[in-house]
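Chains as they are written, first to last, in the working numbering: chain A, 1 to 358; chain B, 359 to 716.
There are 2 protein chains.
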Amino acid sequence: MEKQQDRIRIKDIAQMAGVSVGTVDRVLHSRSGVSESSRIKVEEILEKLNYQPNMYASALASNKKYRFAYLLPSHNEGDYWKDVERGMQQAIARFSDFNVSLSDYYYDQYESGAFIESGMRILDAQPDGVILSPTVEEETERFVNLLREAGIPYVFIDSNISRLEPLAFYGQHAQRSGYFAARMLRLLAKGEPEIVIFRQINEGRLGSNQQLHREEGFYEYMKEHCPELKMWELNLYAKQPGEDASLLDDFFAAHPNVKCGITFNSKAYIIGEYMQRHGRTDFHLMGYDLLRRNVACLKAGSIDFVITQQPTVQGYNSIECLCNHLILRKKVKDCNYMPINLITTENIDFYFDAHVNE
Amino acid sequence: MEKQQDRIRIKDIAQMAGVSVGTVDRVLHSRSGVSESSRIKVEEILEKLNYQPNMYASALASNKKYRFAYLLPSHNEGDYWKDVERGMQQAIARFSDFNVSLSDYYYDQYESGAFIESGMRILDAQPDGVILSPTVEEETERFVNLLREAGIPYVFIDSNISRLEPLAFYGQHAQRSGYFAARMLRLLAKGEPEIVIFRQINEGRLGSNQQLHREEGFYEYMKEHCPELKMWELNLYAKQPGEDASLLDDFFAAHPNVKCGITFNSKAYIIGEYMQRHGRTDFHLMGYDLLRRNVACLKAGSIDFVITQQPTVQGYNSIECLCNHLILRKKVKDCNYMPINLITTENIDFYFDAHVNE
DNA sequence: CGTACCTTTGTGTGCGTACACAGAGCGGAT
DNA sequence: ATCCGCTCTGTGTACGCACACAAAGGTACG
Chain A
1 MEKQQDRIRI KDIAQMAGVS VGTVDRVLHS RSGVSESSRI KVEEILEKLN
51 YQPNMYASAL ASNKKYRFAY LLPSHNEGDY WKDVERGMQQ AIARFSDFNV
101 SLSDYYYDQY ESGAFIESGM RILDAQPDGV ILSPTVEEET ERFVNLLREA
151 GIPYVFIDSN ISRLEPLAFY GQHAQRSGYF AARMLRLLAK GEPEIVIFRQ
201 INEGRLGSNQ QLHREEGFYE YMKEHCPELK MWELNLYAKQ PGEDASLLDD
251 FFAAHPNVKC GITFNSKAYI IGEYMQRHGR TDFHLMGYDL LRRNVACLKA
301 GSIDFVITQQ PTVQGYNSIE CLCNHLILRK KVKDCNYMPI NLITTENIDF
351 YFDAHVNE
Chain B
359 MEKQQDRIRI KDIAQMAGVS VGTVDRVLHS RSGVSESSRI KVEEILEKLN
409 YQPNMYASAL ASNKKYRFAY LLPSHNEGDY WKDVERGMQQ AIARFSDFNV
459 SLSDYYYDQY ESGAFIESGM RILDAQPDGV ILSPTVEEET ERFVNLLREA
509 GIPYVFIDSN ISRLEPLAFY GQHAQRSGYF AARMLRLLAK GEPEIVIFRQ
559 INEGRLGSNQ QLHREEGFYE YMKEHCPELK MWELNLYAKQ PGEDASLLDD
609 FFAAHPNVKC GITFNSKAYI IGEYMQRHGR TDFHLMGYDL LRRNVACLKA
659 GSIDFVITQQ PTVQGYNSIE CLCNHLILRK KVKDCNYMPI NLITTENIDF
709 YFDAHVNE
């Protein structure tokens, strides 16, 4: 019944090996100054007893301070990235006994060079670990190369470039998420012959890799399961809201039979609110991320489904990952896909901060 | 930028209050032997500086052993409860530096008196905390009253009886989960005039409270959104698998137009496998819990949707909760609803052990 | 005025680990 | 033999906290 016998300590190991705790300590931290014979003896016993150090005593004794930094696109209240930050702050609070601190760095997503500039500021500060979202591939590569040279571990969040070998990645499998979205939209739009994909064009960019991968998975599903489906694409421009409305007017005037749409960015509320303004209730809509305005549309019925990436959990886990790696010296999983959760007005109440206590 | 100034220690508080660490310690643990004047002075400073003790140093110094116990229905490999146990074991491993251990107790769900008997064995062992699933209300009440008398905190898992005031509850909002299931089934069965609800009758019992609440939510949704829907109920008997097949044969012979069904227990695979044996691919089916056989049916297409309760997370969190309460002395949330996750063959890969590291 | 007793306060040690430092042993050069 | 330099090992102290114990101060009473 009892599972846990008394924990083995360094002292125990030392006694069994016939050496002092200092020698065991040197072996544990693979420091120099240990004879071949005692090293082997100690290692044997460590192996045999499966010694697990008491991480809390260890953190207490080493008494180091750890400074982390994160680099995210600049953003406003109510945005997706705010939730990521919230998760990181929760984790910092939770692990505050380990003497961890967190600094924030931002960059303008649409200004070239801004990323690498903030990156340089991080390098100046020489933190012990960095969390970033690799939105711009080339600049990210330059930055993480410098981090690697400096021996600073980095964690990718939200989207991944596995080639750049981060310590870990936390985010969704974007392509599979789009594939799943397609199935759900198909279900909503059973029998409909046409659908529309709303895109957000920013500074001439078609959208993040993230969004492109979702679209890819979406098209893949539709090709496999309903190749006859007619799919329109409508480009919208966030910065000119007035123009968006007239673009939507024009589109729906030209395609009165399209009753179903999806967007692969987090701005489904633009369409949802448009539908509410026009009193249309026959349009089925899907989107991404639980932004306040999306939640409002869900509850109002102008958005049917939202897929969430659990940004808070991503943020929390990425900090936890750095702690596990640097402080507790546990092995961390390098690729961590978040679940692909479908949110509706019926289950939304149970998706706020699920599992992140306090 | 830096958020974390140097942590305030007991020594700092003592210095500022002009007393010794011993006095501060006595105030912190509200022990006797402190004069009114120094108590107030210390409390003021604690308040002002918002002192947060280093929980790890504290746990290290107190050097107590904590013994937890859980009481669950007896079950076999591949069952729902196995996942709950797995989550608890993961948590125990994770918190092993706190000297926690876990003992297991089981009871036969269908033998009256078995619950309370195992409960008595737990009381004899005098553990520091107990986790249990309150499946049988009356016996649970008797047991937790004894626990409360003994000052032993208890956590409910899977289903809740809030009247009995557990330290915390981890599980799904069963009624809302049934409500959500109804929406999804309705989507699957768009236009179908009839559906069937499969029930599992064990020893004459209609099913756990859990299942009854799901059914309740399900009926509620259907009454609100499609009162004209014809809903059949078919009782099955787990213990006689032969009989179940003929019951299904009879039902589908009598109701050839029923193309859609749901079960509120974890045994959807019984129906799914039946459909596969009969080569029926036109039947839409929903169920609960990611048992191996349910997963196989999902992938084979004989089950469309499964709702998962994340049993592993429930187990993990319930142990974590006891640690937070007893060792770290953090406040714990008393009612913790799990998310209501919809699983399909497209997103199932991302639902194994989500967020429970290691 | 001394002793007993109670209240209040301070000090010391230990939890398991990390790391600095001192010391032991040994060979070689003077 | 003495001294130096090297490798290897053991000891001591600190981390922040809990708790046992000792000490200090006061009151009451013979």
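Beta carbons: idealized from backbone N, C-alpha and C, even for Gly.
{"Query": "Beta-carbon spacing of A:Leu236, A:Phe198 below 7 Å", "Result": "yes"}
{"Query": "Below-7 Å beta-carbon distance, A:Pro339 vs any chain B residue", "Result": "yes"}
{"Query": "Any chain A beta carbon closer than 7 Å to B:Arg544", "Result": "no"}
{"Query": "Residue-level contact to chain B via CB, A:Leu212, 7 Å cutoff", "Result": "no"}
{"Query": "Check whether A:Thr308 and A:Asn341 have beta carbons under 7 Å apart", "Result": "yes"}
{"Query": "DSSP three-state assignment for B:Glu716, whether helix, strand or coil", "Result": "At B:Glu716 the pLDDT is 37, less than 50, meaning the model places this residue with poor confidence; the figure from the coordinates comes in the next sentence. Reduced to three states, the DSSP call for B:Glu716 is coil."}
{"Query": "Check whether B:Ile450 and B:Val458 have beta carbons under 7 Å apart", "Result": "yes"}
{"Query": "Every unbroken alpha helix (DSSP H) inside the segment 636-701 of chain B [4 residues or more]", "Result": "650-658 and 669-684"}
{"Query": "Own chain, CB closer than 7 Å to B:Gln558, minus 5 neighbours either side, in chain order", "Result": "Gly565, Leu594, Ala596, Asn623 and Lys625"}
{"Query": "Cβ of B:Arg444 within 7 Å of any chain A Cβ", "Result": "no"}
{"Query": "8 Å contact criterion, which B:Arg638 and B:Tyr579 should meet: CB distance rounded", "Result": "About 26 Å; that fails the 8 Å criterion."}
{"Query": "Residue environment, B:Ala612, which counts as buried when at least 16 other CB atoms sit within 10 Å", "Result": "exposed"}
{"Query": "Same chain, Cβ closer than 7 Å to A:Val356, five either side skipped, listed in chain order", "Result": "Legend: pLDDT at A:Val356 = 43, less than 50; position of this residue unreliable, no value from coordinates given."}
{"Query": "The segment 382-399 of chain B touching the segment 426-434 of chain B, judged by at least three CB pairs closer than 8 Å", "Result": "no"}
{"Query": "Alpha-carbon to alpha-carbon, A:Val332 and B:Trp439", "Result": "27 Å"}
{"Query": "Beta-carbon proximity list for B:Leu546, same chain, < 8 Å, skipping 5 on both sides", "Result": "Cys618, His642, Met644, Asp662 and Phe663"}
{"Query": "Beta carbon proximity, A:Asp12 to chain B, threshold 7 Å", "Result": "no"}
{"Query": "Counterpart residues of B:His431 in DSSP-defined beta bridges", "Result": "Residue identity differs from the one stated: residue 431 of chain B is Pro in this sequence, not His. Beta-bridge pairing links B:Pro431 to B:Tyr465."}
{"Query": "Residue span of the alpha helix (DSSP H) that contains A:Phe180, given as start and end", "Result": "Ala174 to Leu188"}
{"Query": "B:Tyr463 vs B:Ser476 beta-carbon contact at 7 Å", "Result": "yes"}
{"Query": "Exposed unless 16 or more other CB atoms sit within 10 angstroms - verdict on B:Asn694", "Result": "buried"}
{"Query": "Any chain A beta carbon closer than 7 Å to B:Met413", "Result": "yes"}
{"Query": "Status (buried if at least 16 other CB within 10 Å, exposed otherwise) for A:His213", "Result": "buried"}
{"Query": "Bounding residues of the beta strand (DSSP E) (the contiguous stretch that carries A:Cys237)", "Result": "As written in the sequence, residue 237 of chain A is Tyr, which differs from the Cys given in the question. Here A:Tyr237 belongs to no beta strand (DSSP E), and DSSP marks it neither H nor E."}
{"Query": "First through last residue of the alpha helix (DSSP H) which encompasses B:Arg384", "Result": "Val379 to Leu386"}
{"Query": "CB of B:Ser491 within 7 Å of CB of B:Asp516, strictly", "Result": "yes"}
{"Query": "Buried/exposed call for A:Pro193, threshold 16 Cβ in 10 Å", "Result": "exposed"}
{"Query": "Beta-carbon neighbours of B:Tyr709, restricted to chain A and to distances below 7 Å", "Result": "Pro339"}
{"Query": "Exposed unless 16 or more other CB atoms sit within 10 angstroms - verdict on B:Ile403", "Result": "buried"}
{"Query": "Residues bridged to B:Lys588 (per DSSP)", "Result": "B:Glu552"}
{"Query": "The segment 142-154 of chain A / the segment 294-303 of chain A touching (three or more Cβ pairs under 8 Å)", "Result": "no"}
{"Query": "Alpha-carbon spacing of B:Pro485 relative to B:Lys399, whole angstroms", "Result": "38 Å"}
{"Query": "Under 7 Å between C-beta atoms of B:Ile553 and B:Met589", "Result": "yes"}
{"Query": "CB contact check: A:Leu60 to chain B, cutoff 7 Å", "Result": "yes"}
{"Query": "Exposure label - B:Asn518; buried when at least 16 CB within 10 Å", "Result": "buried"}
{"Query": "Whether A:Leu328 touches A:Met55 by CB criterion (7 Å)", "Result": "yes"}
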